[in-house]
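Notes to accompany the following structure.
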Amino acid sequence: MKILVLSGSPKSEQSATLQSVNYLINRHLAHDFKIIHLIRHLKAYEKGPDQMKPLLDELGQSEVVLWVFPVYHSLVPAHYKRFIELIFEYGLEDAFKDRYGAIFTTSVHFADNNAQDYLQGILEDLGMRFIDGLSHEMKDLLEASRRRELDLFFTNIANHVTQRMLTPRNQAPVPTHRRPYLAGAGGEKIATDRRFVVVTDATDKDRNLLEMIKALVSVIDGKVSIRNLHEVEISQYCLGCCHCGYDNTCAIKDGYREFLDGVIQDADILIYALAVHDRYFSSRFKLYLDRSFTYNHVPIMRGKQVAYLVSGPVSHLGNLRQIIQHDHQGHSNLVGIVSDEAGDDPTVDALIRDLVRKAVDFSHTGYFRSPTFLGIAQRHIFSTMVRGFLGAIFRADYRYYQKEGYLKPELPGLKERGTAMLMRHMMGKARFRNQVTKDMTRHMIASHVKFLEGEGYR
Ligand SMILES: Cc1cc2nc3c(=O)[nH]c(=O)nc-3n(C[C@H](O)[C@H](O)[C@H](O)COP(=O)(O)O)c2cc1C
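In terms of our numbering, the sequence shown opens at residue 8 and continues consecutively.
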């Protein structure tokens, strides 16, 4: 079997993810692997489709494409995203069509499901036959049980190819049509002392998005600053070197850090105005997020109300909406998402005005929704990581997490554990157990009732 590996780590041969591919190469000698490190070729690919000919030749000879990458900010790394955009921009979908594809990622298991889900959708959009996706923690290769799993993942791929097995399409195609939107003339303005910063990836081609920004600005009677990601000097993709771990200093010296710090300092209310590209936003926006890793796992947008103006079918992209939610769990607050698919022009105008109204209200009242599963799981993963060995590499995280009290073990207190131990013992006795279960629902709200009665609410 001929396998083309599209490797996505900026670290190329030094990639942790690639070590699992090296393992497979040495375990399955009868098969022929060809690895392409996309980061090395991207600049050439950007010059034109001709430059992608060597890759397409390899693709033409392959029976399966293995998409291999580290999870970066809930998705593929920005340069990998750019590669995907080029495939669609150059109309190269046919080269991938009907070929088998599988995904292998490593990460610390934060939002790895979102990264896998995104790429599975892309493979299906390319007409590929998606076989399987395996998500390993970055050290899993060292565990015998995980290596066995990796072997079985590979066997499953081989079985699909040799037996020409069918694969179902799991994600519906994303609608491409966008109704042109024109911002209405002004109307009621919202007076505010809150400082709005709009971060956008809009180009001249993004007419709807530019109109949405116009509509937003026209309803704010206050300070608004618009910052375009195409006007910032960002010289490189994140290197994944973790140089930033000690004191948040990035190894790359360009205009990025000043830009990011400006956004953090200047915004009470942050608006991301973005266009959908395939199943996510642009690779330029992804670059902005990846490079924010300079602050590692510190919630840098803490205290801000954040809203999204989106040009594109975000209502069809549940995975994208979940990625957005990930980023605003407790520390910053997601006010809402308004897209140009919402209705006719007056409806979009009104939704934008109400989005501004809510953002200002929430900023005044301090309304921050508490985290859902997404935020609670995130905190658990990061705190466990920082408490462990990686807390030595991410010293800046360690200091922050210690200051914020995130490093305390999340076990219940001694008193609660003692009561639970006694209860476990007593529940072994039928009479006691029957008494408790008979009255279970009343017990479950006993403390709520006590509180409400005590406060005079009942
Ligand atoms: C910029 C950046 C963003 C990251 N984002 C995530 C993430 O969202 N979720 C996660 O679980 N791990 C994340 N990681 C950790 C990497 O996915 C993980 O270390 C991976 O194993 C690195 O693989 P590699 O050596 O092949 O590049 C991130 C690392 C970097 C440098």
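Think of the CB as a built atom: it goes at the ideal place given N, C-alpha and C, for glycine as much as any other residue.
| Asked | Found |
| --- | --- |
| Assigned exposure category for residue 77 - 16 Cβ within 10 Å defines buried | buried |
| Rounded separation between residue 391 and residue 304 - CA only | 12 Å |
| Residue 300 vs residue 248 beta-carbon contact at 7 Å | no |
| Assigned secondary structure, residue 77 (DSSP; H/G/I helix, E/B strand, else coil) | strand |
| Separation of residue 116 from residue 349, as counted between CA atoms | 34 Å |
| Segment contact flag, the region 43-60 with the region 138-156, C-beta cutoff 8 Å, min 3 pairs | no |
| 8 Å contact criterion, which residue 220 and residue 316 should meet: CB distance rounded | 7 Å |
| For residue 114, the first and last residue of its enclosing beta strand (DSSP E) | 107-114 |
| Sequence-distant residues of the same chain with beta carbon closer than 7 Å to residue 408, five excluded per side | 390, 393 and 414 |
| Environment of residue 218 [buried if 16+ CB atoms lie within 10 Å] | buried |
| Start-end ranges of the alpha helix (DSSP H) lying completely within the region 267-321, minimum 4 residues | 290-298 |
| Cβ pair residue 73, residue 10 closer than 7 Å | yes |
| Within 7 Å, strictly: CB atoms of residue 323 and residue 181 | yes |
| Whether residue 233 touches residue 294 by CB criterion (7 Å) | no |
| Sheet register partners of residue 136 (DSSP bridge) | 107 |
| Extent of the continuous beta strand (DSSP E) to which residue 359 belongs | Residue 359 -> not in any beta strand (DSSP E); alpha helix (DSSP H) instead, spanning 352-372. |
| Nearest candidate by alpha-carbon position, reference residue 129, set 118, 157, 93 and 158 | 93 |
| heavy atom of ligand 1 below 6 Å from residue 451 C-beta | no |
| Alpha helix (DSSP H) segment containing residue 24, residue limits | 23-34 |
| Cβ-heavy atom distance, residue 256 to ligand 1, below 6 Å | no |
| Neighbourhood of residue 46 by C-beta distance below 6 Å, restricted to the same chain and skipping five residues each side | 17 and 86 |
| According to DSSP, residues forming a beta bridge with residue 341 | 313 |
| Three CB pairs or more closer than 8 Å across the region 160-172 and the region 183-202 | no |
| Close-in-space but distant-in-sequence residues of the same chain around residue 109 (CB under 6 Å, 5 per side omitted) | 73, 138, 139 and 164 |
| Proximity test, residue 77 beta-carbon vs ligand 1 heavy atom, cut-off 6 Å | yes |
| C-alpha distance - residue 156 paired with residue 150, whole-angstrom precision | 10 Å |
| Closer than 6 Å: residue 434 CB and nearest ligand 2 heavy atom | Inclusion of ligand 2 in the displayed structure is not the case, the ligand content consisting of ligand 1 alone. |
| Among 118, 57 and 27, nearest to residue 381 - alpha-carbon criterion | 118 |
| Proximity winner among 55, 186, 335 and 432, relative to residue 347 (alpha-carbon distances) | 186 |
| Supposed contact pair residue 266 and residue 239 - C-beta distance, whole angstroms, cut 8 Å | 5 Å |
| Near ligand 1: residue 373 beta-carbon under 6 Å from a heavy atom | no |
| Alpha helix (DSSP H) segments (min. 4 residues) lying fully within the region 131-211 | 151-169 |
| With 16 other Cβ atoms within 10 Å as the buried cut-off, status of residue 291 | buried |
| Sub-7 Å separation of residue 230 and residue 277 beta-carbons | no |
| Bridge-paired residues (DSSP) for residue 255 | Its beta-bridge partners do not exist; DSSP assigns none. |
| Residue span of the alpha helix (DSSP H) that contains residue 422, given as start and end | 421-434 |
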